[in-house]
Amino acid sequence: MMKTTRGRDATVHEISAFNHKFLVTRQLCLVFSPTFKASVFVDYDAIFCMFDVIEQRYLCCLSMGMMNASFPDIYYFSWKDLEAVFEWGDFHLRRNGSNGYKVIKMYEPICMAALPERSRCPSLSKDFVD
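Counting along the sequence shown from 1, when you hit position 2 you're at 2 in the UniProt record's numbering, and nothing is skipped either side.
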């Protein structure tokens, strides 16, 4: 247990993974990396953004892969389509940081909903997106 500058108790958890050390509190994360000369200090919003983006992209890849495997004759999905959406999102995250997350948090799901419209299956096209 540590004390904050305001005298509040702060529980610090030490986690070791991938040869990195993480000191985690309720609002902050400090990352010690052997590959970087400086440590990385991350606030709650940035951590939430990273986890949300990773989770959403994993679910997109999983669902699109399952659709391709389940309906190979009627559902066509190109990984290049998905990659283009993710690259656009990465550009905004690099350029705008946490504000970039506000841009992509709804754009990427909308793109994922629009991709089935490109399929040849009537039940997955226009009515699905609407």
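No residue lacks a Cβ here, since even glycine has one placed at the ideal position from N, Cα and C.
Look at S98 here: in three-state DSSP terms it is helix.
In the three-state reduction of the DSSP assignment, A38 falls in the coil class.
For I47, the CB contacts under 8 Å within the same chain, skipping 5 residues up- and downstream, are C29 in chain order. Rounded to the nearest whole angstrom, the C-alpha separation of N96 and F36 is 22 Å. With respect to the C-alpha of D45, the residue from A113, V103, S98 having the closest C-alpha is S98. Burial state of I104 is buried, judged by a 10 Å Cβ sphere holding 16 or more other Cβ atoms. C-alpha of S16 to C-alpha of S39: approximately 14 Å in a straight line. Around the Cβ of Y101, a 10 Å sphere holds 16 or more other Cβ atoms; the residue is buried.
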